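Asks:
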Amino acid sequence: MTQFLQYTLQGLAAGGFYALAALGLAVIFGVLGVVNFSHGACYMLGAMISALLLEHFSLGFWPALVIVPVIMFFVGVLVERLLVQWLLRLDPLYNFLLTFGLTLLTVDIMKRQFGVSSLKYEVPAGLGGRISLGSVDLSIYQLFAAAFAVVICLLVWVGLTKTRVGMIVRAATEDAERSRALGINVARWVTPVFGFGIALAGLAGVLAAPYRAINADMGSNFIIILFAIVVIGGLGSILGAVVAGFLVGLVEAYGQGYYGQLSQVLIFVLMAAVVLVRPAGLFGREEAA
Amino acid sequence: MSAQLTETSRVETAASSAPERRVNPFVRAGLLLLALLVVLALPWYIYPPVAMDILAWGLFAISVDLLLGFTGLLSFGHAAFWGMSAYVTGIIATRAGVPFPVAILGGAAAAMILAVPTGYLAVRRTGIYFAMVTLAFAQMLYFIANQASDLTGGENGLQGIPKSFFGIELVETDAFYFYYAGLPIILLGAFIAWRTVSSPFGRVLLAIRDNPARARALGYDVERYKIMVFVISSGIAGLAGGVFSVSHGFASLQELAWQTSGKVVLITVLGGIGTLWGGPLGAAVVVLLEDQLASSGFDGIGIITGAIFVLIVLLFRKGIWGTVSDLVTRVRGRAATDAQGKHDA
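Respectively, the protein sequence lines represent chains Z and D. Throughout the first sequence, residue numbering follows this note's numbering, covering 1 to 289 in sequence. Throughout the second sequence, residue numbering follows this note's numbering, covering 290 to 634 in sequence.
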């Protein structure tokens, strides 16, 4: 039971990063129709920039939590304006390939610049150490990370359901064509939404920085798991991305705890099962065939 | 924009834009002969192992093009089949001591067997989803290979794969002669691909690519056709992966990594989607470029390949073959109108 609780917390913390990043992926896909391969690289950049802020400007975790998403937002806006927008009218495969190319480029630039060994980052003061609840021994930072991710996901959820902008984004995610027909200027929201999605990936990176190895390759496995998550949740679905994010985090943690290294395989077994039973994903709608 | 994500794929192929472009049979035979001559002469001008790499990657790209250009399916996990065969070929060659072509056939068979369940699951989704599902399954195989280190050597890879070839020592030790022993396997793969696209089966694939709903309405079992071509394509990728691992004498996890899946898609798009010919052209460019960069001591190959990818997708979506053949058609078209003009006058 003790172990089970510990794995659950680990799973929720890992699931938090997944949910945040997958949320970004889902929103970008919904509004732009772009599957952003560089999402893992953006997560990596988020963690890298946090480490660099600490090293060169002595800006710690808390400022990074605000600064990094802002930087990543503008990175996203720049990429969308300069590159992604030219391919929006074509088959989504082209933007998939474009962002794949950007990923190779970014990862190798970071590798040349900072080498392959991991950068250092410390758990922020006050969040270090562990607490004991009866027989259960929990890392405070993991508790924080899981809670923080849940709060952000809830905030985004409120933003999407209660504000006018959120309504437009949801409408565009549901059916961009029909939203346009109803007089909503979807094009106006394309660039900020892309930036917002990238910012979420960057935020997941900051959150991961204190307890994951920070190096140029940290996103390369992350992105594949993100893809598995959105396939499980249903690519068009925002709720699906969050739920599947936490689900995969839990599966990974239980797998690691009880079966050792095969945990990664479990994620893909889960994905295969979903594709088999519900091809559109848990929360996705069936495609017209 | 989810409306775009219906089943119809709108990938710009290099050849299909002008349906039924008539090529003079003499021109076609001439081109084929020229290609054969180039392939035969290659190891005289290029370091033979690099020449073998070009052919292996070229065939690998052909297998991807069979899906992307002729069926409208982007497999972003083809490294699974290339890598599966690389390992199985290596294991057979090392443990059974059979001649390497036999080992490669075994590797390709293993790749095809793997392709049946993978294809069965992947064809349930189309377009970008298909790419993501294949990518995820390839990654699953990567993890399994990493864990099964008794069989695969884990992080170290499978080393010392022999080039046994009926006791002919020249082939077994000299890369120059090995090239000619490996060539028939590459040609076999290319021939299978060519037969597939030019058969009635291949016409059905084109119909599925251009309008799956119509193909289904005409009574074709779209999913079954897709699985079949997926398995054929995986077998061809397996032949290529087997040649690659024997040529290098080792198989590593790199063979199964998603970067490898991405690289072969880059080669295919660079050469020209929907041409079959494009693959080897793209492979020549990429392999030679990487070889140059590696020998000049540049360690950021991804920066160059990534930049090429971005440029191609933005500016030259028809690839080398498509761009050249467009130019030829345009020049010819102009010549024809000129002649027509003179005739009218």
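We treat Cβ as the ideally placed atom computed from N, Cα and C, and that holds for glycine. Here the structure is a predicted model, which is why all the values come from computation and not from measurement.
In the DSSP output, which residue or residues are listed as bridge partners for Phe-539 (chain D)?
Replies: BP columns for Phe-539 (chain D) point to D:Gln-448.
Asks: With H, G and I counted as helix, E and B as strand and the rest as coil, what does DSSP make of Arg-212 (chain Z)?
Replies: Reduced to three states, the DSSP call for Arg-212 (chain Z) is coil.
Asks: Under 7 angstroms Cβ-Cβ, which residues of chain Z neighbour Trp-547 (chain D)?
Replies: Per Cβ cutoff of 7 angstroms: Ile-224.
Asks: Could you name the residues of chain D that Leu-104 (chain Z) contacts, counting a contact when the two beta carbons are closer than 8 angstroms?
Replies: Under the 8 angstroms cutoff, chain D gives Gln-548, Gly-551, Gly-591, Ile-592, Thr-594, Gly-595, Phe-598.
Asks: How is the beta strand (DSSP E) around Arg-503 (chain D) delimited, first residue to last?
Replies: Looking at the DSSP string, Arg-503 (chain D) is not in any beta strand (DSSP E); the run it does join, the alpha helix (DSSP H), is 501 to 506.
Asks: Given that Phe-227 (chain Z) touches chain D, what residues does it touch there, using C-beta distances under 7 angstroms?
Replies: What Phe-227 (chain Z) touches in chain D: Met-421, Leu-424, Ala-425.
Asks: Return the chain-ordered list of same chain residues with a C-beta closer than 8 angstroms to the C-beta of Val-169 (chain Z), the five sequence neighbours on each side being excluded.
Replies: Closer than 8 angstroms at Cβ, skipping near neighbours: Val-27, Gly-30, Val-31, Leu-160, Trp-189, Val-193.
Asks: With a cut-off of 8 angstroms on the beta carbons, I'd call Gln-119 (chain Z) and Asn-215 (chain Z) a contact; round off their distance for me.
Replies: The question names Gln, yet the displayed sequence has Leu at residue 119 (chain Z). The Cβ separation is near 7 angstroms, so the contact holds.
Asks: Tell me the DSSP secondary structure of Ser-132 (chain Z) in three-state form.
Replies: Strand.
Asks: Taking 8 angstroms as the limit between beta carbons, can you name the residues of its chain near Glu-544 (chain D), skipping five residues before and five after?
Replies: Closer than 8 angstroms at Cβ, skipping near neighbours: Ala-368, Trp-371, Gly-372, Ala-375, Tyr-376, Gly-530, Phe-533, Ser-534.
Asks: Taking 8 angstroms as the CB-CB cut-off, is Asp-588 (chain D) touching chain Z?
Replies: At least one chain Z Cβ lies under 8 angstroms of Asp-588 (chain D).
Asks: Would Gly-449 (chain D) and Thr-383 (chain D) qualify as a contact pair, given that the criterion is a beta-carbon distance under 8 angstroms?
Replies: Closer than 8 angstroms, so yes.
Asks: Hey, how far is the Cα of Thr-564 (chain D) from the Cα of Ile-475 (chain D)?
Replies: Going from the Cα of Thr-564 (chain D) to the Cα of Ile-475 (chain D) covers about 17 angstroms.
Asks: Which of the residues in the segment 72 to 87 of chain Z, read from start to end, lie with their CB under 9 angstroms from any CB of chain D?
Replies: Cβ contacts with chain D come from Leu-83, Trp-86, Leu-87.
Asks: I need the DSSP call for Ser-298 (chain D), collapsed to helix, strand or coil.
Replies: Low confidence applies to Ser-298 (chain D): its pLDDT is 48, below 50, so where it sits in the model is not reliable, and the reading given next is rough at best. Of the three classes helix, strand and coil, the one that applies to Ser-298 (chain D) here is coil, per DSSP.
Asks: Check whether the Cβ of Leu-410 (chain D) lies closer than 8 angstroms to any Cβ atom in chain Z.
Replies: Closer than 8 angstroms: yes.
Asks: Taking Lys-607 (chain D) as the reference, give the member of D:Ile-556, D:Ile-592, D:Gly-471 with the closest Cα.
Replies: For the residues D:Ile-556, D:Ile-592, D:Gly-471, the minimum Cα distance to Lys-607 (chain D) belongs to D:Ile-556.
Asks: Near Phe-144 (chain Z), what residues of its chain come up, given a Cβ to Cβ distance below 6 angstroms and the 5 sequence neighbours on each side ignored?
Replies: Cβ within range, chain order: Leu-127.
Asks: Could you check which residue in Z:Met-167, Z:Leu-200, Z:Gly-202, Z:Ala-199 has the C-alpha nearest to that of Asn-185 (chain Z)?
Replies: When each option's Cα is compared against that of Asn-185 (chain Z), the closest is Z:Met-167.
Asks: Taking the Cβ atom as the reference point for each residue, do Pro-388 (chain D) and Phe-454 (chain D) lie within a distance shorter than 8 angstroms?
Replies: Yes, they are a contact pair.
Asks: Note down, in chain order, every chain Z residue with its Cβ under 7 angstroms from the Cβ of Gln-436 (chain D).
Replies: In chain order: Gln-261, Leu-262.
Asks: Can you say whether Ser-438 (chain D) is buried or exposed, counting buried as having 16 or more other CB atoms within 10 angstroms of its CB?
Replies: It is exposed - the Cβ of Ser-438 (chain D) has fewer than 16 other Cβ atoms within 10 Å.
Asks: Check for me: the alpha helix (DSSP H) holding Asp-354 (chain D) runs from which residue to which?
Replies: That run of the alpha helix (DSSP H) goes 337 to 360.
Asks: Just reading off the alpha helix (DSSP H) that Pro-124 (chain Z) is part of, what are its end residues?
Replies: Per DSSP, Pro-124 (chain Z) belongs to no alpha helix (DSSP H) and is neither H nor E.
Asks: Against chain D, with Cβ distances strictly below 8 angstroms, would Ala-272 (chain Z) count as a contact?
Replies: Taking Cβ atoms only, chain D reaches closer than 8 angstroms to Ala-272 (chain Z), which makes this a yes.
Asks: For the pair the segment 72 to 92 of chain Z and the segment 390 to 409 of chain D, tell me if three or more CB-CB distances fall below 8 angstroms.
Replies: With a cut-off of 8 angstroms, the segment 390 to 409 of chain D and the segment 72 to 92 of chain Z do not count as touching, because too few Cβ pairs lie within range.
Asks: Sort out for me which residues DSSP pairs Ser-139 (chain Z) with in a bridge.
Replies: Note: Ser-139 (chain Z) sits in a beta bridge opposite Z:Arg-130.
Asks: Is there contact here, the segment 231 to 249 of chain Z with the segment 404 to 411 of chain D, by at least three beta-carbon pairs under 8 angstroms?
Replies: Not touching, per the Cβ criterion.
Asks: Among the residues of its own chain, which have a CB less than 7 angstroms from the CB of Leu-23 (chain Z), if the five just before and after it don't count?
Replies: Excluding residues within five positions, the ones whose Cβ falls inside 7 angstroms are Cys-153, Val-156, Leu-200, Ile-238, Ala-241, Val-242.
Asks: Between Z:Asp-217, Z:Ala-272, Z:Asn-221, which has its C-alpha nearest Val-231 (chain Z)'s C-alpha?
Replies: Taking only the C-alpha atoms, the option nearest Val-231 (chain Z) is Z:Ala-272.
Asks: Given a cut-off of 8 angstroms on the beta-carbon distance, is the pair Ala-259 (chain D) and Ser-536 (chain D) in contact?
Replies: Nothing can be reported for residue 259 (chain D): it is not among the residues displayed for chain D, which extend from 290 to 634.
Asks: At 7 angstroms on the CB atoms, spell out the chain Z contacts of Leu-363 (chain D), in chain order.
Replies: Those are Leu-93, listed as they occur along chain Z.
Asks: Skipping 5 residues on each side, what residues in its chain have a beta carbon closer than 6 angstroms to that of Gly-347 (chain D)?
Replies: Taken in chain order, the residues that qualify are Gly-568, Pro-569, Ala-572.
Asks: Does the beta-carbon distance from Leu-262 (chain Z) to Gln-436 (chain D) come in below 8 angstroms?
Replies: Yes, these two residues count as a Cβ contact at 8 angstroms.
Asks: Where does Leu-119 (chain Z) fall in DSSP's three states?
Replies: Here Leu-119 (chain Z) sits in strand by DSSP.
Asks: Compare the C-alpha of Ala-13 (chain Z) against each of Z:Gly-46, Z:Gly-236, Z:Lys-111, Z:Arg-212 and name the closest.
Replies: Ranking Z:Gly-46, Z:Gly-236, Z:Lys-111, Z:Arg-212 by Cα distance to Ala-13 (chain Z) puts Z:Arg-212 first.
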